[in-house]
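Numbering-wise (the working numbering), the sequence shown opens with residue 9 and increments by one.
Note sheet for the following structure.
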Amino acid sequence: MNILAPSILSADFTILGEQIKETKEAGARYLHFDVMDGVFVPSISFGLPVLKSIRKASDQIYDVHLMIEEPIRYVEQFAESGADIITFHVEAASDPREVIDKIHSLGKKAGMAIKPKTDVNAFKPYMESLDMLLVMTVEPGFGGQKYIDYCTDKIKETRKMLDMAGLSTDIEIDGGVNKDNITIPLEAGANVIVAGSAVFNGDISENVHELMKNM
Ligand code: DX5
Ligand code: ZN
Numbered sequence: 009m010n011i012l013a014p015s016i017l018s019a020d021f022t023i024l025g026e027q028i029k030e031t032k033e034a035g036a037r038y039l040h041f042d043v044m045d046g047v048f049v050p051s052i053s054f055g056l057p058v059l060k061s062i063r064k065a066s067d068q069i070y071d072v073h074l075m076i077e078e079p080i081r082y083v084e085q086f087a088e089s090g091a092d093i094i095t096f097h098v099e100a101a102s103d104p105r106e107v108i109d110k111i112h113s114l115g116k117k118a119g120m121a122i123k124p125k126t127d128v129n130a131f132k133p134y135m136e137s138l139d140m141l142l143v144m145t146v147e148p149g150f151g152g153q154k155y156i157d158y159c160t161d162k163i164k165e166t167r168k169m170l171d172m173a174g175l176s177t178d179i180e181i182d183g184g185v186n187k188d189n190i191t192i193p194l195e196a197g198a199n200v201i202v203a204g205s206a207v208f209n210g211d212i213s214e215n216v217h218e219l220m221k222n223m
């Protein structure tokens, strides 16, 4: 089952609650929440109080993408603030296993993300324990960038690695997706698709329908 995860990074924050509801009503099952610390990535986005506040807006699966150094420090607070899935970057964690265990101990799903230049083998030691693998298809930090073509092969390699291990774990991809290229990551083996600007620029319901038509 393929899932669309609208990233609110590109939303209009003056009417955030309404826009979230619109994504849900249009059929998006996840809501993607990008947390940036200005250290792991050059930009700063939003964090705990915003998550806590928008949790009330919808009963979608809240998919929290932590682009922060040493994510272990904040796992508990993001869990308490309403995250359903907590995804952290392997490059940012000195002890990834500890982060996964902590997320699970709080009853949440654990995802691991890799940047475009990180080898997919980084997933390997942790695959069995992960609920989702996130292959970034842009350099993390900003919305509205172009999909990096060489990442398609990384999605294929990740799916192959999972298949060989007999796992059917979700593969999420994030960055540069629009209605014209959405089939590329899907055919490569991804099944959770993040889209920010392609959802929130223009008419949200129409955009969600257009994107989901090709899923
Ligand atoms: C980038 C973020 C993405 C971003 C995607 O660091 O992780 O979730 O919002 O934006 P688009 O879909 O516009 O590339
Ligand atoms: Zn993201």
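Heads up, the beta-carbon is just placed ideally off N, CA and C, and yes, glycines get one too.
| Asked | Found |
| --- | --- |
| Given this structure, state the Cα-to-Cα distance separating Ser176 from Leu138, to the nearest angstrom. | 11 Å |
| DSSP on Pro57, reduced to helix/strand/coil? | helix |
| What does DSSP give as the partner residues of Thr95 in its beta bridges? | His73 and Gly119 |
| In the DSSP assignment, find the unbroken beta strand (DSSP E) run with Val43 in it and report its ends. | Tyr38 to Met44 |
| To the nearest whole angstrom, what separates the beta carbons of Val207 and Ile179, a pair I think is in contact under 8 Å? | Contact flag wrong, Cβ pair sits at about 20 Å. |
| Locate the alpha helix (DSSP H) running through Ala206, then write down its first and last residues. | Ser205 to Phe208 |
| Who's in the neighbourhood of the ligand ZN, going by beta-carbon under 6 Å from any heavy atom, listed in chain order? | Ser15, His40, Asp42, His73, Asp182 and Val202 |
| Can you find the residues in the same chain that come closer than 6 Å, C-beta to C-beta, to Gly204, ignoring five residues on each side of it along the sequence? | Ser15, Leu17, Ser18 and Gly151 |
| If we count the other Cβ atoms within 10 Å of its Cβ and call it buried at 16 or more, is Ala173 buried or exposed? | exposed |
| Beta-carbon within less than 8 Å of Ala101's beta-carbon, same chain only, minus the 5 sequence neighbours each way: which residues are those? | Glu78, Pro79, Ile80 and Val107 |
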